[in-house]
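Numbering (the working numbering), first residue to last: 1 to 396.
Below is one structure; the comments refer to it alone.
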């Protein structure tokens, strides 16, 4: 598509002609497109990479028929994918690698000055250590450093061969990796206890330290802990964990400093739970988004026009550096048919209803300022769903 002062983001659902060419696809635009929005070059930067899925309304909202992916990207404004949008984003991140050296890593944590791509390899054979593999991209020099950190048996235990995920935060150029892991005494008859595995990697040099085991305090060891996903982090400098379920009807929060191995319990707000509370990390602040309950779509649900539906309210609480209590930071409103908001360099990208019209909005988490609010031109009855979920049933 030829560049112009205004690039039109066009999301076409039918009429896309798929021509497979060397693993990619060519597309033919058919006008009029059901949805479009015009963005300036500066506005493109605010929404770069935000991915939404959109679909025509049907009598049954759980039907996946007609759904297509749409990527709000700085260069591409008309997108149909031969594979899913998430894979397309990942390929863009790998642009600094040669074709033969591209790692098969699906996760990225953006730090100021660096991108940290990582992936996990594991085996169910007790003789093979699982590994956390890294490719570190210096954004200024384009230098790529690739390293691996094995998690040996003496650290992870006899029964733990599978690493589900890793969370990261940095101090200076040192990035701390933390892996919550279970330990089973009598698998199937007794609930597991939990511990953490930690290691470091230097963003500048790629130097690593060996993985080591950190014992959780007794009151925390029987709790499964979850953390902010990589897609909800930007230059993270603090690590906040939430309990994955309520124990004794109590929802728990704690911070962890891997350097000092110090745990600090944080006081949650009323209404927070494992299901409704979503963690974000931006700089040295951790945020918890607490959304209104939204019932899942059922087969009997029918489409409600934008002019007749209401926004869903989400409150964001912030944990400031060194604090033990959350503070209410700001509130967002999103279309009830919209996906969870997308984090782009510390800004929230969302779809909200303004005067009954779907509107693309960008809001800074740190300053609370609304940086962009632009109406989306909707020519047909469509709604948005989260590309990170399968199918079209979704709960916030």
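We treat Cβ as the ideally placed atom computed from N, Cα and C, and that holds for glycine.
On a predicted model such as this, the values are computed, not experimentally measured, just so you know.
Asked, Found
"Identify, in the order they occur along the chain, each residue of the same chain with its Cβ nearer than 8 angstroms to the Cβ of residue 274, setting aside the five sequence neighbours on each side.", "226, 242, 243, 244, 245, 246 and 251"
"Using DSSP's beta-bridge definition, name the partner residues of residue 234.", "282"
"Bridge partners for residue 334 per DSSP, in chain order?", "312"
"Whole angstroms is fine: what's the gap from residue 313's alpha carbon to residue 291's?", "6 angstroms"
"For the segment 131-211, which segments carrying the beta strand (DSSP E) assignment without a break, of at least 3 residues, lie completely within its bounds, in sequence order?", "131-138, 144-150, 167-171, 174-183 and 193-202"
"Buried or exposed for residue 347, going by 16 or more other Cβ atoms inside 10 Å?", "buried"
"Alpha carbon to alpha carbon, what distance is there between residue 345 and residue 233?", "8 angstroms"
"Roughly how many angstroms separate the alpha carbons of residue 203 and residue 354, rounded to a whole number?", "42 angstroms"
"Which whole-angstrom value is the C-beta distance of residue 374 and residue 359, which I expect to be below 8 angstroms?", "7 angstroms"
"Would you kindly work out how many angstroms separate the C-alpha atoms of residue 201 and residue 207, rounded to a whole number?", "6 angstroms"
"What three-state label does DSSP hand residue 378 in the structure shown?", "strand"
"Using three-state DSSP, classify residue 435 as helix, strand or coil.", "Outside the modelled stretch of the chain, which goes from 1 to 396, sits residue 435, for which no answer is possible."
"From residue 1 to residue 272, what distance separates their C-alpha atoms?", "Summary for residue 1: the model assigns pLDDT 41, below 50, so the residue's position carries little reliability, and this model does not support an answer."
"Measuring straight from C-alpha to C-alpha, what distance separates residue 238 and residue 196?", "16 angstroms"
"Only counting runs of 4 or more residues, tell me where the alpha helix (DSSP H) segments fall wholly within the segment 246-281, in order along the chain.", "none"
"What is the DSSP secondary structure of residue 63, counted as helix, strand or coil?", "Reliability fails at residue 63, whose pLDDT of 44 lies under 50, so the model's placement of it is uncertain and no value is given."
"With distances taken Cα to Cα, identify the nearest neighbour of residue 119 among 163, 112, 154 and 110.", "163"
"Where do the ends of the beta strand (DSSP E) carrying residue 226 lie?", "225-227"
"Determine which residues share a DSSP beta bridge with residue 373 and list them.", "361"
"Could you have a look at residue 41 and say whether DSSP puts it in helix, strand or coil?", "helix"
"Taking the C-alpha atoms as reference points, what is the distance between residue 249 and residue 147?", "42 angstroms"
"Might you give, ordered along the chain, the residues of its own chain that have their beta carbon closer than 8 angstroms to the beta carbon of residue 262, omitting 5 neighbours on each side?", "256"
"Considering only residues of the same chain and omitting the five flanking positions on each side of residue 362, which have a CB-CB separation below 6 angstroms?", "46, 347, 349, 371 and 372"
"Applying the criterion that 16 or more other CB atoms from any shown protein chain within 10 Å of the CB defines a buried residue, is residue 307 buried or exposed?", "exposed"
"To the nearest angstrom, how far is the alpha carbon of residue 266 from that of residue 320?", "11 angstroms"
"Just to confirm, are residue 286 and residue 278 a CB contact at a threshold of 8 angstroms?", "no"
"Here's a check: name, in chain order, each residue in its chain whose Cβ is nearer than 8 angstroms to the Cβ of residue 254, leaving out the five neighbours to either side.", "220, 225, 240, 241, 263, 264, 265 and 266"
"Please classify residue 43 as buried or exposed, where buried requires at least 16 neighbouring CB atoms within 10 angstroms.", "buried"
"DSSP on residue 221, reduced to helix/strand/coil?", "coil"
"With a threshold of 6 angstroms on Cβ separation, who are the neighbours of residue 107 within its own chain once the five nearest residues in sequence on each side are excluded?", "118 and 230"
"Can you tell me where the beta strand (DSSP E) with residue 114 in it begins and where it stops?", "114-121"
"In whole angstroms, what is the alpha-carbon distance linking residue 222 and residue 192?", "7 angstroms"
"Between which two residues does the beta strand (DSSP E) carrying residue 341 extend?", "Per DSSP, residue 341 belongs to no beta strand (DSSP E) and is neither H nor E."
"Take the Cβ of residue 152 as the centre, count every other Cβ of all protein chains shown within 10 Å, and call the residue buried at 16 or more, exposed below.", "exposed"
"Give me whichever residues DSSP pairs with residue 105 in a beta bridge.", "DSSP lists no partner for residue 105."
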